[in-house]
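Since the structure comes first, as structure tokens, the remarks are kept for the end.
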Amino acid sequence: MLGTLIKKQYRECFRSYFINPKTGKKRSKMGVFGMFVFFTAIMLLLAGMFFGLSFLMGDGLFSAGMDWLYFVLMGIMAILMGTFGSVFNTYATLYLAKDNEMLLAMPIPPSKILITRMSLVYGMSLMYSGIVWIPAVVYAWIFGTMSTTAVVYDVLLIFLVALFVTVVTCVLGWVVALISSRVKNRSIVIVVISLVLFGAYYYVCFNMMNILQKLLLNAQALGEGIRVWANVLYQLGKAAAGDSTAMLIFSGISLVLFILCFAVLSKSFLHIATKTHSETRKAGKLTVKSSGVSAALMHRELKRFLSSPTYMLNCGLGIAILPVLAIFALVKREILDGVISGMSDLLPWIGSVLPMAVVIIVCLCAGLNAVSTPSISLEGKHLWILRSLPVSGKMVLNAKLRLHIWLNLPAAVFAAVVLGFCLSLETLTVALCVLFIAAFVWLTGAFGLMLGVLRPNFQWTSEAMPIKQSMNVMISILLGFGLPILAAVGCYLLRNICSAEVYMALAAGLLMLISLALTWWLDTEGAARFDAL
Amino acid sequence: MLKINHFTKTYGDKKAVDDLGLHIQAGEIYGFIGHNGAGKTTTLKSVAGIMQFDQGEILVDGVSMKRDPIACKKKIAYIPDNPDLYDFMTGMQYLNFVGDVFGVSAKERTERVKALAEAFELTGDLNQSIGSYSHGMKQKLAIISAWLHEPELILMDEPFVGLDPKAAHTLKGMMRQVCDRGGAIFFSTHVLEVAEKLCDKVAIIKGGRLIRSGTMEDVKGDTSLESVFLELEG
Chain X
3 MLGTLIKKQY
13 RECFRSYFIN
23 PKTGKKRSKM
33 GVFGMFVFFT
43 AIMLLLAGMF
53 FGLSFLMGDG
63 LFSAGMDWLY
73 FVLMGIMAIL
83 MGTFGSVFNT
93 YATLYLAKDN
103 EMLLAMPIPP
113 SKILITRMSL
123 VYGMSLMYSG
133 IVWIPAVVYA
143 WIFGTMSTTA
153 VVYDVLLIFL
163 VALFVTVVTC
173 VLGWVVALIS
183 SRVKNRSIVI
193 VVISLVLFGA
203 YYYVCFNMMN
213 ILQKLLLNAQ
223 ALGEGIRVWA
233 NVLYQLGKAA
243 AGDSTAMLIF
253 SGISLVLFIL
263 CFAVLSKSFL
273 HIATKTHSET
283 RKAGKLTVKS
293 SGVSAALMHR
303 ELKRFLSSPT
313 YMLNCGLGIA
323 ILPVLAIFAL
333 VKREILDGVI
343 SGMSDLLPWI
353 GSVLPMAVVI
363 IVCLCAGLNA
373 VSTPSISLEG
383 KHLWILRSLP
393 VSGKMVLNAK
403 LRLHIWLNLP
413 AAVFAAVVLG
423 FCLSLETLTV
433 ALCVLFIAAF
443 VWLTGAFGLM
453 LGVLRPNFQW
463 TSEAMPIKQS
473 MNVMISILLG
483 FGLPILAAVG
493 CYLLRNICSA
503 EVYMALAAGL
513 LMLISLALTW
523 WLDTEGAARF
533 DAL
Chain B
4 MLKINHFTKT
14 YGDKKAVDDL
24 GLHIQAGEIY
34 GFIGHNGAGK
44 TTTLKSVAGI
54 MQFDQGEILV
64 DGVSMKRDPI
74 ACKKKIAYIP
84 DNPDLYDFMT
94 GMQYLNFVGD
104 VFGVSAKERT
114 ERVKALAEAF
124 ELTGDLNQSI
134 GSYSHGMKQK
144 LAIISAWLHE
154 PELILMDEPF
164 VGLDPKAAHT
174 LKGMMRQVCD
184 RGGAIFFSTH
194 VLEVAEKLCD
204 KVAIIKGGRL
214 IRSGTMEDVK
224 GDTSLESVFL
234 ELEG
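Those sequence lines, one after another, are chains X and B. Numbering-wise (our numbering), the first sequence opens with residue 3 and increments by one. Numbering-wise (our numbering), the second sequence opens with residue 4 and increments by one.
Right, dumping it as structure tokens:
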């Protein structure tokens, strides 16, 4: 039975890679191959980054004979990466699957449903932690002096580290579920908790660099500190370096923690999974609020966005980051000045492209926001409502695009104006930055919506699928990252031909033209396709 | 009110509905019966403008669903067999959304919501999230939202499933009122006793083809609708 459940869970997860969600037909071999090549390329790119980091860390530590400490540090990064990558998804995966009730109605013990869900969390943890851990051990094999035992242990540790990560993320998901089942405005609470975790993650990351610096200066003492205060990690490091006793200890700890975690979660699984949708009866006056069709559609989109923590966190994180970034820049203005003056010494041309830096920083954050991209797939089983109402596909798509712009633009403009002020940019320059950013937000929104129309997926049982495990969202975010970088390269290459201001005005004009073309497509072909869904 | 001429809908190679023709006059309650998979839901969804079709014509009050779907939908309300409503809204928010789309004024909306919610005993639940509703409560909300803009034609797919006896009784009364004010009802059902008592006309569909239609008296004659249905389906 368990095998069948796990097979169903993974089949559902990978379904969109093999089956076209729109037609329900199998993808062509070339299509499947293309998707896997694309996915592998992204994984290799990330793995390459961590391989580079392994170089930085490993060089000093291996020569100092502290290979175990190298593994501890890379292990911490793998755990952080795994936790960060999976935690936002875990709550939804464990407790909010649409087929919970169907499975609970079958003669399946709830604990088996839970272990099935946890297996998917494990798969995600394996992927995210593996991106860090595998390059780290490959580096160690190539440049360190590793015994055969250490090599075998390193391979086993790929799976054990993922198990450790699964425990951490499942516990966090459980805590979120417990809190959210006791409060009103559940979605907002989950987002706040997640953002706190997100902030803590970056705080740890920033401080980790300090730890690393101290470590290189005083590796012996810090190593001793880890051995005393974080013995599990010490055992991980020693095991990876080939210590059999440490391997036994770390394996034992990981397994015991997993069993404990499973026992605790399975006790409350049924209660939480079935309580999620219940709420206390709210009395009160019925409020009739009248508005136009356009506003009603827009309000509906906003309600949908605010109802889902998964949606908000995965497709709207930049909205929260942008004001924080702006305020941080304002508060730490002297650091910013120091960085720029330092860079000016190394790169004399930096001053001439400084306005572009504002644009890139803001656009990279705004590029994280793919609000419009999954919005069509998220209609799911509710699509009949729109189809039966007297609203055209054009009106629906317009509402989705407007929400994307309305959510992103104020935060992006605020950040651009504040950053412009911090960098003492001219008013006209700031205005041009805002123009470029507005065009960028429009473009990413229209492009994401186009992807949503072309490749909708209504066959999902967890909303994490069209949001987090969606190729559309991945492509949107890649565009959000790629476009500002491309614009920056263009600005650098043309710095002797035109000023940053002229470049930004021209680039903004180009982006607006493309956005206009995309919007025209959405209004015509896109709307017709939507009506035919 | 509704004219369906030579309506054909195929899924791949399979004809779900084949050359269906039906005329529903204002003031009529028209029942649509047939076995599972006969093509009832496909027909209703196509009339509601949810599903595109291959051949034929659907006219709502003389307006073609293919040529001007928005104008047709303004005259229609549709209630599906399984009302999956927006879980992220409260009942009242959903009614406000539907009211806004159909341009129902705040005054009319207030009056109608109050009356309909009281009739279905849903007033106390309208401020709750739809996600917490039972199937029957969702069905009631779908009915209230369908009646909100006083449509001329109401399409319902198995409307009595999930309703408690009192709500079912209320709905039957409301269906008759719609017809009395010049509207029309086209609904599918498996409950033949209800169809027999409630409908002015009935159509029986089998394997996507219309096999009998007409006034209730013409179709059932001296026997019961159940006997006729079983004989035709057999």
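Idealized CB from N, CA, C, for every residue including glycine.
Looking at the unbroken beta strand (DSSP E) that takes in B/F35, where does it start and where does it end?
Working through the second sequence from its first residue, we reach residue 35 of chain B at position 32. Element bounds for B/F35: 32–37.
Does the distance from the CB of B/A51 to the CB of B/I79 come in under 8 Å?
The residue you call residue 51 of chain B lines up with position 48 of the second sequence. The residue you call residue 79 of chain B lines up with position 76 of the second sequence. Yes, the Cβ-Cβ distance between B/A51 and B/I79 is below 8 Å.
Following the continuous beta strand (DSSP E) through X/H406, name the residue where it begins and the one where it ends.
On the first sequence, residue 406 of chain X is found 404 positions in, with the first residue counted as 1. Careful: X/H406 lies outside any beta strand (DSSP E), inside the alpha helix (DSSP H) at 395–424.
Please report the distance separating the alpha-carbon of X/V170 from that of X/A232.
In the first sequence, the residue the question calls residue 170 of chain X occupies position 168. In the first sequence, the residue the question calls residue 232 of chain X occupies position 230. Whole-angstrom Cα-Cα distance: 15 Å.
Would you mind working out which of X/L385, X/M397, X/I21 sits nearest B/D90, comparing C-alpha positions?
For the purposes of this step, residue 90 of chain B is taken as the residue at position 87 of the second sequence. Among X/L385, X/M397, X/I21, the Cα nearest to that of B/D90 belongs to X/L385.
Can you tell me whether B/S67 is helix, strand or coil according to DSSP?
Counting from 1 along the second sequence, the entry for residue 67 of chain B is found at position 64. Of the three classes helix, strand and coil, the one that applies to B/S67 here is strand, per DSSP.
So which of X/S131, X/P468, X/G447, X/G482 has the shortest CA-CA distance to X/T521?
On the first sequence, residue 521 of chain X is found 519 positions in, with the first residue counted as 1. Checking every option, the nearest Cα to that of X/T521 belongs to X/G447.
Just checking, does the region 419–434 of chain X make contact with the region 375–391 of chain X on the three C-beta pairs under 8 Å criterion?
no
Consider the Cβ of X/E281: report whether some Cβ of chain B lies at a distance smaller than 8 Å.
As a first step, residue 281 of chain X must be located in the first sequence, where it is residue number 279. Residue placement at X/E281 is poorly supported in this model, since its pLDDT is 49, which falls under 50; the coordinates are not used for a value here.
If you follow the alpha helix (DSSP H) that B/D16 is in, where does it begin and where does it stop?
In the second sequence, the residue the question calls residue 16 of chain B occupies position 13. Premise fails: B/D16 is in no alpha helix (DSSP H) and is neither H nor E.
Keeping to the same chain, check which residues put their C-beta closer than 8 Å to that of B/L98; ignore five residues upstream and five downstream.
Position 95 of the second sequence, counting from 1, holds the residue named residue 98 of chain B. Taken in chain order, the residues that qualify are R112, V116, L129, L144, I147, S148, L151.
What does the alpha-carbon distance come out to for the pair X/R497 and X/A179?
Against the first sequence, residue 497 of chain X aligns to sequence position 495. Against the first sequence, residue 179 of chain X aligns to sequence position 177. Each residue's Cα considered, the two are about 52 Å apart.
State the Cα-Cα distance for the pair B/V20 and X/A401, rounded to the nearest angstrom.
On the second sequence, residue 20 of chain B is found 17 positions in, with the first residue counted as 1. On the first sequence, residue 401 of chain X is found 399 positions in, with the first residue counted as 1. Their Cα atoms are separated by approximately 35 Å.
Alpha carbon to alpha carbon, what distance is there between X/S182 and X/I192?
Mapped onto the first sequence, residue 192 of chain X falls at position 190. Mapped onto the first sequence, residue 182 of chain X falls at position 180. Distance between the alpha carbons of X/I192 and X/S182 is about 7 Å.
In angstroms with no decimal places, state the Cα-to-Cα distance between X/L421 and X/M126.
Residue 421 of chain X sits at position 419 when you count from the first residue of the first sequence. Residue 126 of chain X sits at position 124 when you count from the first residue of the first sequence. Taking the straight line joining both Cα atoms gives about 36 Å.
Hey, B/K204 and B/Y33 are a contact pair by Cβ (cut 8 Å); roughly how many whole angstroms apart?
Sequence index remark: in the second sequence, residue 204 of chain B carries index 201 (1-based). Sequence index remark: in the second sequence, residue 33 of chain B carries index 30 (1-based). Cβ-Cβ separation between B/K204 and B/Y33: approximately 5 Å, consistent with a contact (criterion under 8 Å).
When you check each C-beta in the region 99–123 of chain B against every C-beta of chain X, which residues fall closer than 9 Å?
Residues N99, F100, V101, G102, D103, V104, F105, G106, V107, S108, A109, K110, R112, T113, V116, K117, A120.
CB of X/C15 to nearest heavy atom of the ligand COA: below 7 Å?
The ligand content of the structure shown is nil, which means the ligand COA is not present either.
So, does the CB of X/H384 fall closer than 8 Å to a CB anywhere in chain B?
Position 382 of the first sequence, counted from the start, is the residue given in the question as residue 384 of chain X. Yes, X/H384 counts as interfacial toward chain B.
According to DSSP, simplified to helix, strand and coil, what is X/N233?
The residue you call residue 233 of chain X lines up with position 231 of the first sequence. If DSSP states are grouped into helix, strand and coil, X/N233 belongs with the helices.
For X/H273, does the three-state DSSP call read helix, strand or coil?
Start at 1 with the first residue of the first sequence, and residue 273 of chain X comes out as number 271. Note: X/H273 maps to helix in three-state DSSP.
Looking at the C-beta of X/K114, does it have a partner C-beta in chain B at a distance below 8 Å?
Residue 114 of chain X sits at position 112 when you count from the first residue of the first sequence. By this cut-off, X/K114 is not an interface position.
Can you pull the DSSP bridge partners for B/F56?
The sequence position of residue 56 of chain B within the second sequence is 53, counting from 1. For B/F56, which the question treats as bridged, DSSP gives no partner whatsoever.
Who are B/I157's beta bridge partners in DSSP?
The residue labelled residue 157 of chain B in the question sits at position 154 within the second sequence. Bridge partners of B/I157: B/A80, B/I188.
List, in order along the chain, the chain B residues whose C-beta lies closer than 9 Å to that of X/K305?
One-based indexing of the first sequence puts residue 305 of chain X at position 303. The contacting residues are Y89, F91, M92, Q96, F100.
Use the C-beta contact count for X/A417: other C-beta atoms within 10 angstroms, 16 or more gives buried, fewer gives exposed.
Residue numbering aside, residue 417 of chain X sits at position 415 when the first sequence is read from its first letter. Here X/A417 is buried: its Cβ has 16 or more other Cβ atoms, across all protein chains shown, within 10 Å.
Can you name the residues that DSSP bridges to B/R212?
Residue mapping note: residue 212 of chain B aligns to position 209 of the second sequence, counting from 1. Per DSSP, the beta-bridge partners of B/R212 are B/K209.
By the three-class DSSP mapping on this structure, what secondary structure does X/G294 have?
Numbered from 1 along the first sequence, position 292 holds the residue referred to as residue 294 of chain X. X/G294: coil per DSSP, three-state reduction.
To the nearest angstrom, report how far apart B/L25 and B/R184 are at their CA atoms.
Numbered from its first residue, the second sequence carries residue 25 of chain B at position 22. Numbered from its first residue, the second sequence carries residue 184 of chain B at position 181. Distance from the CA atom of B/L25 to the CA atom of B/R184, rounded to whole angstroms, is 22 Å.
Cβ closer than 7 Å: which chain X residues qualify as neighbours of B/I129?
One-based indexing of the second sequence puts residue 129 of chain B at position 126. Ile is not the amino acid found at residue 129 of chain B; the sequence shown has Leu there. Residues of chain X passing the Cβ test: L288.
Kindly provide the ranges of any alpha helix (DSSP H) runs that are 4 or more residues long and lie completely inside the region 85–111 of chain B, ordered along the chain.
94–105
Within 8 Å, do at least three Cβ pairs link the region 154–166 of chain B to the region 69–84 of chain B?
yes
Taking only the alpha-carbon atoms, compute the straight-line gap between X/I274 and X/A241 and give it to the nearest angstrom.
Residue numbering aside, residue 274 of chain X sits at position 272 when the first sequence is read from its first letter. Residue numbering aside, residue 241 of chain X sits at position 239 when the first sequence is read from its first letter. If you take the alpha carbons of X/I274 and X/A241, they lie about 37 Å apart.
Exposed or buried, which one is B/T226 when buried takes at least 16 other CB atoms within 10 Å?
As a working mapping, residue 226 of chain B is identified with position 223 in the second sequence. Under this definition B/T226 is an exposed residue.
Among X/F438, X/F52, X/L105, X/L71, whose alpha-carbon lies nearest the alpha-carbon of X/T276?
Position 274 of the first sequence, counting from 1, holds the residue named residue 276 of chain X. When each option's Cα is compared against that of X/T276, the closest is X/L105.
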